[in-house]
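Student: Numbering (the numbering used here), first residue to last: 1181 to 1562.
Cβ atoms here follow ideal geometry from the backbone N, Cα and C, with glycine treated the same way.
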């Protein structure tokens, strides 16, 4: 149904396909934080055989969300964060209240809606939400793609699953995507590389933690090598990957150069050689940073603000998408699809073709006899 309405919008000339603005927002789930339960470890041994009654045999099994499926290093991070919150010198307000609980998607789940996730926005209360991903065409503000995702995932990890179906839908109407505009939450080296590989220019600002230059270390792009303040080279050695799968490049100086260097006591007092770790997508980050610092980058940022943000405001305020009254990820996705269909239909009904308007203006005046006949009929009816 969504594709059918979108095809009508394309036929009416409401879709250009050239530039797509992408954004996301939380949508409240039909579940409460009060009903959260703790997840059970996945390696709990199964109970032995025992005789049970028919009523107990009909008890439904726990859903997969009730088991801890997170990696061990993720659980260690959660435990460390909770330990910091319990200290007196840190943690959120109200942590000393008896009803206060330390909650995480890795340790708790909602039995009412296992697909809902705990999430929070700055200056907002935490809640069980879904994440609505949206793509809007810059021509007339028509929604070109909408999808429901889990609210505990980062926006930057959801862009590949959003761009590919959007690209296929537009290519079905011979409308290739040339530019994608998004905010800093979608900044990711993998996203830059993915869009550039498909011939799409990513207008996504680089997040603030990225540093294009290392103070005192000059970089040679042709040889892929750094030079330290003492003039010694730090060539590329190998690729590394952390526990979360993020790819990085390792640069290292020779051990002999660092051993004889007079700067070693202040540079690397406890290491044998100086090492530099950079993201494997450093070239993509540099191109994205250069784009956002030019005038077109500022213009595209304003384009995103006036394209996708008003659409999200209308969906949340006037189309009932502030909350989903269904349960489950698939039902939430259907709700968002129906809301987008209603929005596009209203756009289509309000649209007036310029060709029809020109034909109406170009109609000749009726002859004088016809005007007199119309006047006489109106006069005789009185």
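So the beta strand (DSSP E) residue 1313 belongs to, where does it begin and stop?
Tutor: From DSSP, the beta strand (DSSP E) with residue 1313 extends over 1307 to 1317.
Student: Buried or exposed: residue 1324, going by 16 or more other Cβ atoms within 10 Å of its Cβ?
Tutor: When all chains shown are included, residue 1324 counts as buried.
Student: Can you find the residues in the same chain that come closer than 6 Å, C-beta to C-beta, to residue 1381, ignoring five residues on each side of it along the sequence?
Tutor: If we look at residue 1381 and ignore the five residues flanking it on each side, its Cβ neighbours are 1359.
Student: Would you list the one or two residues that DSSP bridges to residue 1395?
Tutor: Paired residue(s): none; residue 1395 is not in a bridge.
Student: In angstroms, rounded to a whole number, what distance separates the CA positions of residue 1310 and residue 1336?
Tutor: Straight-line Cα distance between these residues: approximately 16 Å.
Student: Helix or strand or just coil, what does DSSP make of residue 1452?
Tutor: It is coil, neither helix nor strand.
Student: Using the Cβ count rule (16 or more neighbours within 10 Å means buried), how would you classify residue 1220?
Tutor: It counts as exposed.
Student: Are three or more beta carbon pairs between the stretch 1503 to 1522 and the stretch 1411 to 1428 nearer than 8 Å?
Tutor: The stretch 1503 to 1522, when compared against the stretch 1411 to 1428, does not touch it at the 8 Å Cβ threshold.
Student: Can the beta-carbon of residue 1361 be found less than 8 Å from the beta-carbon of residue 1524?
Tutor: No. Outside cutoff.
Student: Out of 1441, 1477, 1403, 1387, which one is the CA nearest neighbour of residue 1412?
Tutor: Minimum Cα distance to residue 1412 is reached at 1441.
Student: Which two residues bound the contiguous alpha helix (DSSP H) that contains residue 1342?
Tutor: Unbroken alpha helix (DSSP H) run through residue 1342: 1335 to 1351.
Student: For the beta strand (DSSP E) containing residue 1418, name the first residue and the last one.
Tutor: Residues 1413 to 1421.
Student: Measure the beta-carbon distance from residue 1563 to residue 1461 and round it to whole angstroms, keeping in mind my assumption that it falls under 8 Å.
Tutor: Because the chain here runs from 1181 to 1562, residue 1563 falls outside it and cannot be looked at.
Student: Closest by CA to residue 1328, which one among 1432, 1297, 1349?
Tutor: The shortest C-alpha separation from residue 1328 is found at 1297.
Student: Going by the beta-carbon positions, is the gap between residue 1403 and residue 1428 smaller than 8 Å?
Tutor: No; because the gap between Cβ atoms is not below 8 Å, this pair is not in contact.
Student: Bridge partners of residue 1198, per DSSP?
Tutor: Answer is none; residue 1198 lacks a bridge partner.
Student: Where does the unbroken beta strand (DSSP E) through residue 1359 begin, and where does it stop?
Tutor: Segment 1359 to 1361, the beta strand (DSSP E) holding residue 1359.
Student: Helix, strand or coil, according to DSSP, for residue 1400 in the structure here?
Tutor: Strand.
Student: Sorted by chain position, which residues of the same chain lie with C-beta nearer than 8 Å to residue 1528's C-beta, five sequence neighbours on each side aside?
Tutor: Within the same chain, residue 1528 has close Cβ partners 1185, 1188, 1189, 1192, 1194.
Student: Alpha carbon to alpha carbon, what distance is there between residue 1213 and residue 1237?
Tutor: Here the model assigns residue 1237 a pLDDT of 47, short of 50, so the residue's position is not dependable and the matter cannot be decided.
Student: Return the chain-ordered list of same chain residues with a C-beta closer than 6 Å to the C-beta of residue 1366, the five sequence neighbours on each side being excluded.
Tutor: These residues qualify, in order along the chain: 1335, 1336, 1339, 1384.
Student: If you measure from the beta carbon of residue 1557 to each beta carbon in chain C, is any gap under 8 Å?
Tutor: Note that chain C does not occur in the displayed structure, where there is just one protein chain.
Student: Excluding five sequence neighbours on each side, which residues of the same chain lie with their C-beta closer than 7 Å to the C-beta of residue 1471?
Tutor: If we look at residue 1471 and ignore the five residues flanking it on each side, its Cβ neighbours are 1383, 1477.
Student: Just to check my reading of the structure: residue 1315 and residue 1200 have Cβ atoms closer than 8 Å, yes? What is that Cβ distance to the nearest angstrom?
Tutor: Their Cβ separation, rounded to whole angstroms, is 5 Å, which keeps residue 1315 and residue 1200 in contact under 8 Å.
Student: Identify every residue that forms a DSSP beta bridge with residue 1383.
Tutor: DSSP lists 1361 as partners of residue 1383.
Student: With distances taken from CA atoms, which of 1513, 1518, 1490, 1464 is nearest residue 1331?
Tutor: It is 1513.
Student: Which residues does DSSP pair with residue 1567 in a beta bridge?
Tutor: Nothing can be reported for residue 1567, as the shown portion of the chain is limited to 1181 through 1562.
Student: Under three-state DSSP, which class holds residue 1519?
Tutor: The answer is helix: DSSP assigns residue 1519 an H, G or I state.
Student: Assign residue 1406 to buried or exposed, taking buried as 16 or more other Cβ atoms, counted over all protein chains shown, within 10 Å of its Cβ.
Tutor: Residue 1406 should be labelled buried.
Student: Starting from residue 1494 and walking both ways along the alpha helix (DSSP H), at which residues does that stretch end?
Tutor: Residue 1494 -> alpha helix (DSSP H) spans 1475 to 1498.
Student: May I have the straight-line CA-CA distance separating residue 1291 from residue 1347, to the nearest angstrom?
Tutor: Residue 1291 and residue 1347: Cα-Cα distance of roughly 36 Å.
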